[in-house]
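If you read the protein sequences in the order shown, they are chains P and C. Count along the first sequence starting at 1, add 152, and that's the number in the working numbering. Count along the second sequence starting at 1, add 152, and that's the number in the working numbering. Note that the Cβ used here is the ideal one computed from N, Cα and C, for glycine as well. Since we're looking at a predicted model, the values are computed, not measured. Worksheet for the structure shown next.
Protein chains: 2
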Amino acid sequence: MPWDIHILGTNAAVPLPDRHPSAQALNTPEGIFLIDCGEGTQDRLSQFGVKRSRINHIFISHLHGDHLFGLPGLITSYSLFGRKDPLYLFGPPGLRRYLDTIYEITGIHLRYQCQVTELDTNKHYKILETENLRVYTLPLDHRIPTTGYLFKEKVAKRKIDGDAIAHWQVPYHQIEKLKNGADWEREDGSIIENDLLTVPGRPPLSFAYCSDTRYSPKLIPWIRGVDLLYHETTFGENLKDEARKRGHSTSVEAALIAKKAGVKELLIGHFSTRYKDPSVLLHEAKTIFENTILAQEGQVIEIISQQD
Amino acid sequence: MPWDIHILGTNAAVPLPDRHPSAQALNTPEGIFLIDCGEGTQDRLSQFGVKRSRINHIFISHLHGDHLFGLPGLITSYSLFGRKDPLYLFGPPGLRRYLDTIYEITGIHLRYQCQVTELDTNKHYKILETENLRVYTLPLDHRIPTTGYLFKEKVAKRKIDGDAIAHWQVPYHQIEKLKNGADWEREDGSIIENDLLTVPGRPPLSFAYCSDTRYSPKLIPWIRGVDLLYHETTFGENLKDEARKRGHSTSVEAALIAKKAGVKELLIGHFSTRYKDPSVLLHEAKTIFENTILAQEGQVIEIISQQD
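Here is the structure:
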């Protein structure tokens with residue numbers, strides 16, 4: 153099954169009527185991973201039919217309000233709706249104190265476990281491993297400590313070789329084990345090795361989320377070849393100095409990162425309010441990296457692994 | 153000119169697709185007074201065309217998230233949009249620490265003065281006096297320190313007596329002074345007293361905001377005869393025990409307060425999520441107090457003083 157990204161917010165700094173602060177939901181068969189949580193993210197989850205009960209992990213890139221101010225409401229609503237499952241939060245140092253102060257001031261006692269892991273935003277390292285994927289930090293260059301996130305599927309399941317299965321008369325209940333790489337031990341004790349019965353599966357899926365950041369070529373080796381790169385594009389190329397000063401990237405800079413890293417597809421977002429129609433940023437990016445798409449709220453982007 | 157109330161949020165605790173957390177804007181000729189600020193209030197201000205530049209005072213009833221979590225976003229957006237005018241915030245103790253923690257964690261330095269006044273929620277007292285109105289606290293009975301707010305216009309301007317003006321041949325430039333109660337000093341030094349030229353204006357306007365609270369008859373003397381009483385109605389009468397336990401009121405209790413205080417009109421809101429259609433609460437309230445209206449988002453309610 154593919155992954156998909158639900159775009160919940162595309163604007164920088166402040167909400168507009170049709171563009172909201174940053175939030176994306178990575179939907180996988182294993183659950184939904186929410187990345188950033190600007191004000192009103194819980195409204196957008198409802199609006200776009202993203203099942204909040206499937207979210208067990210939330211990743212905050214940095215502690216600016218447009219990536220953070222929706223978190224207290226979402227966390228509180230979970231408790232009021234009777235959530236029982238633990239919720240795992242990841243973000244820069246300060247996230248725990250922010251939430252602890254809010255719990256104390258509002259007097260709320262969450263009815264579920266909400267565990268905060270504060271990250272070293274200067275290092276690239278693995279912060280989570282589930283059955284099917286691993287999550288790594290991506291050190292970014294913004295005005296305050298900021299980290300992107302890299303989601304990498306583990307080796308994908310092997311595919312059944314139909315002819316071989318028929319030839320060897322493999323029983324049905326063995327199929328799932330074979331997909332997971334097991335050999336087949338027959339009743340007489342003999343072994344049929346896995347690679348006689350299956351072929352390699354598709355390459356594992358990968359998604360990198362990079363917001364907010366200045367142009368940062370040190371990202372390139374970490375995100376090389378990912379299926380989808382989300383990279384912020386707050387400004388157009390004519391505001392390159394402004395971008396640098398404010399810790400952001402231009403359309404061309406995002407596209408350069410995508411090109412140099414050889415990613416499959418680039419998704420741009422986090423548009424400055426000055427762009428009533430951000431497609432100008434798309435056109436600029438496409439001059440460098442053709443396979444670029446513009447984030448739009450409510451949009452769902454499939455991440456499908458392509459054979460190289 | 154009348155006052156009017158813009159309804160920005162009507163639901164208790166959590167947002168629904170068509171009902172949001174508490175916020176109301178009292179629009180007066182002198183400016184807009186925002187009362188409570190649930191998550192997404194800045195979105196609703198835009199959606200309903202309430203000019204945020206006219207807001208200089210924000211009143212928070214208590215520090216539960218559904219009345220508070222929109223404040224950091226609104227305050228931050230003001231700064232990003234270049235606000236220069238001071239903003240005056242009022243609310244229970246803890247409000248300052250909540251905001252200071254957020255400023256520190258997010259690293260924002262507001263570009264305008266944002267002054268917090270923490271209130272004694274156990275006392276009824278005057279907290280603000282402007283040219284045309286006074287604002288008082290209304291001690292409420294909730295689970296945490298909570299205060300309502302009472303807005304009272306000062307004596308309204310006097311009305312010009314057209315016949316008298318014609319008779320005395322009062323020059324046009326004197327009219328505004330006369331409305332404000334001044335006598336007319338003629339060129340020959342003689343005085344025509346104000347009450348020979350004007351008649352009393354309409355009674356001053358008043359609005360009381362009471363959310364969240366248990367049934368609390370001690371409110372009655374403070375809100376007697378107000379033009380509009382907003383009183384929370386989280387539950388129907390069959391959930392009276394639940395209301396008491398959770399620090400809320402029923403439809404009938406809100407109506408009893410309105411009736412006993414002899415208010416002109418009752419506005420109910422802060423509906424529990426269980427009421428898909430809260431008109432059941434309206435019907436219950438009307439059995440006690442006929443002149444009740446149901447808060448609906450986007451609605452604008454005129455407060456017009458009526459002669460008794």
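Per DSSP, the bridge partner or partners of residue i
{"i": "Lys311 (chain C)", "result": "C:Val351"}
{"i": "Tyr453 (chain P)", "result": "For the record, residue 453 (chain P) in the displayed sequence is Ile; it is not Tyr. Looking at the DSSP assignment, Ile453 (chain P) forms a beta bridge with P:Ile157."}
{"i": "Ile210 (chain P)", "result": "P:Leu186, P:Leu241"}
{"i": "Lys278 (chain C)", "result": "C:Tyr288"}
{"i": "Glu270 (chain P)", "result": "P:Gly243"}
{"i": "His383 (chain P)", "result": "P:Cys362, P:Ile420"}
{"i": "Ala175 (chain C)", "result": "C:Gly161"}
{"i": "Leu446 (chain C)", "result": "C:Ile420"}
{"i": "Leu168 (chain C)", "result": "C:Arg171"}
{"i": "Phe303 (chain P)", "result": "P:Val287, P:Phe359"}
{"i": "Ile344 (chain C)", "result": "C:Trp336"}
{"i": "Thr402 (chain P)", "result": "P:Phe387"}
{"i": "Thr298 (chain C)", "result": "DSSP output for Thr298 (chain C) lists no bridge partner at all."}
{"i": "Thr439 (chain P)", "result": "DSSP output for Thr439 (chain P) lists no bridge partner at all."}
Contact set between residue i and chain P, taken where Cβ atoms lie within less than 7 Å
{"i": "Asp195 (chain C)", "result": "Pro167, Gly192"}
{"i": "Ile296 (chain C)", "result": "Gly259"}
Rounded straight-line distance, which links the Cα of residue j to that of residue i
{"i": "Thr386 (chain P)", "j": "Gly234 (chain P)", "result": "38 Å"}
{"i": "Asp460 (chain C)", "j": "Ala308 (chain C)", "result": "Residue confidence is low: Asp460 (chain C) scores 43 on pLDDT, short of 50, so the model does not pin down where it sits. No coordinate-derived value is stated."}
{"i": "Ile212 (chain C)", "j": "Leu434 (chain C)", "result": "25 Å"}
{"i": "Pro352 (chain P)", "j": "Arg426 (chain P)", "result": "48 Å"}
{"i": "Leu174 (chain C)", "j": "Thr289 (chain P)", "result": "Looking at the sequence provided, one finds Ser at residue 174 (chain C) rather than Leu. The alpha-carbon atoms of Ser174 (chain C) and Thr289 (chain P) are separated by roughly 37 Å."}
{"i": "Pro356 (chain P)", "j": "Pro245 (chain C)", "result": "53 Å"}
{"i": "Gly314 (chain C)", "j": "Val322 (chain C)", "result": "10 Å"}
{"i": "Gly414 (chain P)", "j": "His158 (chain C)", "result": "52 Å"}
{"i": "Tyr250 (chain C)", "j": "Asp237 (chain C)", "result": "22 Å"}
{"i": "Leu419 (chain C)", "j": "Cys362 (chain C)", "result": "10 Å"}
{"i": "Thr298 (chain P)", "j": "Leu197 (chain C)", "result": "31 Å"}
{"i": "Leu381 (chain P)", "j": "Gly300 (chain C)", "result": "49 Å"}
{"i": "Thr439 (chain C)", "j": "Ile455 (chain C)", "result": "23 Å"}
{"i": "Ile409 (chain C)", "j": "Val432 (chain P)", "result": "58 Å"}
{"i": "Asn346 (chain C)", "j": "Ile279 (chain C)", "result": "32 Å"}
{"i": "Leu160 (chain P)", "j": "Phe200 (chain C)", "result": "22 Å"}
{"i": "Glu436 (chain C)", "j": "Asp379 (chain C)", "result": "21 Å"}
{"i": "Arg286 (chain C)", "j": "Glu305 (chain C)", "result": "6 Å"}
{"i": "Gln176 (chain P)", "j": "Asp156 (chain C)", "result": "38 Å"}
{"i": "Met153 (chain P)", "j": "Ser457 (chain P)", "result": "10 Å"}
{"i": "Leu239 (chain P)", "j": "Arg396 (chain C)", "result": "31 Å"}
{"i": "Ser424 (chain P)", "j": "Ile317 (chain P)", "result": "56 Å"}
{"i": "Arg398 (chain P)", "j": "Tyr324 (chain C)", "result": "56 Å"}
{"i": "Gln267 (chain C)", "j": "Thr253 (chain P)", "result": "20 Å"}
{"i": "Ala407 (chain C)", "j": "Lys416 (chain C)", "result": "12 Å"}
{"i": "Ile144 (chain P)", "j": "Leu232 (chain P)", "result": "Chain P is shown from 153 up to 460; residue 144 (chain P) falls before or after that span and cannot be answered."}
{"i": "Gln451 (chain P)", "j": "Phe303 (chain C)", "result": "45 Å"}
{"i": "His383 (chain C)", "j": "Arg204 (chain C)", "result": "25 Å"}
{"i": "Asp272 (chain C)", "j": "Val166 (chain P)", "result": "33 Å"}
{"i": "Leu349 (chain P)", "j": "Lys392 (chain P)", "result": "55 Å"}
{"i": "Trp172 (chain C)", "j": "Thr162 (chain C)", "result": "Per the sequence presented here, residue 172 (chain C) reads as His, with Trp not at that position. Each residue's Cα considered, the two are about 6 Å apart."}
{"i": "Gln292 (chain C)", "j": "Tyr277 (chain P)", "result": "In the sequence on display, residue 292 (chain C) carries Leu and not Gln. Rounded to the nearest angstrom, the two C-alpha atoms are 51 Å apart."}
{"i": "Leu223 (chain C)", "j": "Thr193 (chain C)", "result": "8 Å"}
{"i": "Glu442 (chain P)", "j": "Asp170 (chain P)", "result": "26 Å"}
{"i": "Tyr264 (chain P)", "j": "Ile296 (chain C)", "result": "22 Å"}
{"i": "Ala360 (chain C)", "j": "Glu256 (chain P)", "result": "29 Å"}
{"i": "Asn208 (chain P)", "j": "His209 (chain C)", "result": "39 Å"}
{"i": "Asn284 (chain P)", "j": "Glu449 (chain C)", "result": "44 Å"}
Chain-ordered chain P contacts of residue i [CB-CB under 9 Å]
{"i": "Ile159 (chain C)", "result": "Near Ile159 (chain C) there are no residues of chain P at all, since even the closest Cβ is about 17 Å away, more than 9 Å."}
{"i": "Ile257 (chain C)", "result": "Leu215, Leu220, Gly246, Leu247, Arg249, Tyr250, Thr253"}
Contact list for residue i against chain C, beta-carbon separation under 7 Å
{"i": "Phe221 (chain P)", "result": "Pro224, Gly225"}
{"i": "Ser140 (chain P)", "result": "Since the first residue shown for chain P is 153 and the last is 460, residue 140 (chain P) is missing from the structure and cannot be characterised."}
Listed by chain order, chain C residues near residue i by CB distance under 8 Å
{"i": "Gln199 (chain P)", "result": "Pro169"}
{"i": "Ile212 (chain P)", "result": "Residues of chain C passing the Cβ test: none, with the nearest at roughly 11 Å."}
Residue i beta carbon near the ligand SAH (any heavy atom closer than 8 Å)
{"i": "Lys392 (chain P)", "result": "Ligands displayed in this structure: none; no statement on the ligand SAH is therefore possible."}
Partners in chain P for residue i, counting only beta-carbon separations shorter than 8 Å
{"i": "Phe233 (chain C)", "result": "Val166"}
Report task. Kindly confirm or deny that the stretch 332 to 341 of chain C and the stretch 375 to 395 of chain C touch, where touching means at least three C-beta pairs closer than 8 Å. Result -> no
Query - Stretch pair the stretch 252 to 270 of chain C + the stretch 338 to 347 of chain C: three plus CB contacts closer than 8 Å - result: no
Query raised in the report: Does the stretch 216 to 230 of chain C touch the stretch 169 to 189 of chain C, meaning 3 or more C-beta pairs lie closer than 8 Å?
Result: In short, these stretches touch, since the Cβ pair count reaches three.
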